[in-house]
Each structure stands twice: as structure tokens, then as C-alpha cells.
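Enquirer: Note that our numbering numbers the sequence shown so that position 81 is 81, with each residue one more than the last. Below are the C-alpha cells for one structure; questions will follow.
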Amino acid sequence: MVKAARFLSPKADVVFKKVFGNHEPLMRSFLNAMIPLPKGKIITKITYLNPEQVPIIPGFKRTIADVKCYDQDGNHFIVEMQMEWSTSFASRILYGTCQAYVSQLERGNDYQKLAPVYALGLINENFDDSPEFYHHYKLQHQTQEDKKIKGIDIILIELKKFKPASDEERRLRTLWIRFLNEAANLDDIPEDFKPYPELLKAMELTQESAYTKPELDHYN
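In C-alpha cells:
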């Protein structure tokens, strides 16, 4: 009898970074599914950046993201996988997003060159009383919702609250969240993952056999 592959949880730090931190097609597919980009926009290429953000002013706090990158239009993305919720996480992701925004310009550069920054926080705990699992925050007028100050978007996703939807337009979002939630409990790759090369590659990268002993020790 052939032993079933053991898949590790992609929520774990070492696995999440192996899947999304070194494979551009996977990160691109994931961002296209998760980020509320303007209508008609799609990410066709991403470039990875150093996830450690050093403050411009010496002595100020630095931050380290799980993944940091930018796309073909210059939009910046910060992605964080968080196993336990705390109010300090919300502050940390806001701080890191603002750092990414202000660090784009050097002295003498025009403010119009600033590109939007999207922060995506994936949380393995519930932190909100509403039934919604997808929370999108941005700078918006208090009474005139059509008036916005562009530049910073923060998306927080409560993974445990997620329930698959039948909306075909959001099918890939559904499958990626299922990947995060279910991979560690699977004995084989689900049939509805198989039409998507990115999901097949992601499942391959979660197999225990893909990890060195030090990586497995870190995972455990």
C-alpha cells in the first residue's frame, strides 16, 4: 500500500514563506484572488522586496513582513500570516504599511510618485463579532463614501470564519483560503484544485518531503 503524502499546514511560518515567499506565480495568483484591486486591474508580474523594513530615522522601530513585493504598476504589497489575534497586530500591520508607503520617496521626489500599498493580514482566529470574514479598511470620508484618499488599503481575513461561496468570480479566492485552512488535513489533492497549476504547486510545496530537517524542527 502506498503511503499517503503528509501535507504540512501552510499557516505555519516556515511553510507559508516557502510557498509564497519564493514562487512568483503563486504569490501573484494569491494576491489577485485576495486584494480588492480597481475594476479591470490584474497583477501580471511581481518583484519580491526585502521583507525587513528599516526606518528612515535611525532608532525608530523596524518591521519584518512575511512577504513584501510590488507589481508591474508599482503597487506595493505586504502579506502577514498571524496565528493568534491581538490588538497589537492591527497596530503592527498599520505601522508596517505606513513604513512601506513613506519609504518610497527620497528627498526631492514628487509626492505623485507614491504608489498605493496594500496590506493583507491572514488571521487564524476570530477577532470581530460580525459574520463577515473579509474586512477591508481604507481612508474614506465619514459621510460621503465616494470620497477617498488613496494610498493605503488594509485587508484582514478571519480564516476560521470563512465559508465557501458559489460565486464563480471569487472561486480562486475560495480555493486559496481552503488551501490555507485544509491542506494539513488532506491525504490527497482535492479534485477542484487540479485545474489550477498554482494550487497544485502550492500543495507540492506543503508536502513534508519538501522540507529539510531544520525546517521541520522549526515547523514543529
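Beta carbons: idealized from backbone N, C-alpha and C, even for Gly.
Can you tell me whether Val102 is buried or exposed? The criterion is at least 16 other CB atoms within 10 Å of its CB, across all chains shown.
Expert: Within the sequence shown, numbered from 1, the residue matching residue 102 stands at position 102. Result: exposed.
Enquirer: On the three-state DSSP scale, how would you describe Lys201?
Expert: Within the sequence shown, numbered from 1, the residue matching residue 201 stands at position 201. The answer is helix: DSSP assigns Lys201 an H, G or I state.
Enquirer: Which residue comes first and which comes last in the beta strand (DSSP E) that contains Asp118?
Expert: Mapped onto the sequence shown, residue 118 falls at position 118. For the record, residue 118 in the displayed sequence is Tyr; it is not Asp. Element bounds for Tyr118: 117-123.
Enquirer: Identify the residues that DSSP records as bridge partners of Gln82: which are they?
Expert: Here residue 82 refers to the residue found at position 82 when the sequence shown is read from its first residue. The partner list for Gln82 (beta bridge, DSSP) reads Ile123.
Enquirer: DSSP on Leu105, reduced to helix/strand/coil?
Expert: Position 105 of the sequence shown holds residue 105. Leu105 falls in the coil class under three-state DSSP.
Enquirer: So, for Leu156: in the same chain, excluding its five sequence neighbours on each side, which residues have a beta-carbon less than 7 Å away from its beta-carbon?
Expert: Within the sequence shown, residue 156 is the residue found at index 156, counting from 1. Once the five neighbours on either side are set aside, the close Cβ partners of Leu156 are Gly121, Ile123, His135.
Enquirer: Just the C-alpha distance for Phe30 and Trp176, rounded to the nearest angstrom, thanks.
Expert: Here residue 30 corresponds to residue number 30 of the sequence shown, with the count starting at 1. Here residue 176 corresponds to residue number 176 of the sequence shown, with the count starting at 1. Cα to Cα, the separation comes out at about 7 Å.
Enquirer: So is Glu46 buried or exposed if we call it buried at 16+ other beta carbons inside 10 Å?
Expert: On the sequence shown, position 46 is the one that residue 46 refers to. Going by the sequence as given, residue 46 is Ile instead of Glu. Under this definition Ile46 is a buried residue.
Enquirer: Taking the continuous beta strand (DSSP E) assigned at Asp13, which residues delimit it?
Expert: Numbered from its first residue, the sequence shown carries residue 13 at position 13. Here Asp13 belongs to no beta strand (DSSP E); instead the alpha helix (DSSP H) covers 13-20.
Enquirer: Tell me which residue opens and which closes the alpha helix (DSSP H) that Lys213 is part of.
Expert: Taking the sequence shown and counting its residues from 1, one reaches residue 213 at position 213. Lys213 -> alpha helix (DSSP H) spans 213-219.
Enquirer: Cα-Cα, which of Cys98, Arg170, Met81 is closest to Leu159?
Expert: Numbered from its first residue, the sequence shown carries residue 159 at position 159. Among Cys98, Arg170, Met81, the Cα nearest to that of Leu159 is on Met81.
Enquirer: Quick check: what's the CA-CA separation for Tyr48 versus Leu216?
Expert: Within the sequence shown, numbered from 1, the residue matching residue 48 stands at position 48. Within the sequence shown, numbered from 1, the residue matching residue 216 stands at position 216. About 25 Å.
Enquirer: Given that a residue counts as buried once 16 or more other Cβ atoms are within 10 Å of its Cβ, and exposed if not, what is Tyr294?
Expert: In the structure displayed, the chain extends from 1 to 220; residue 294 sits before or after that span and is not available.
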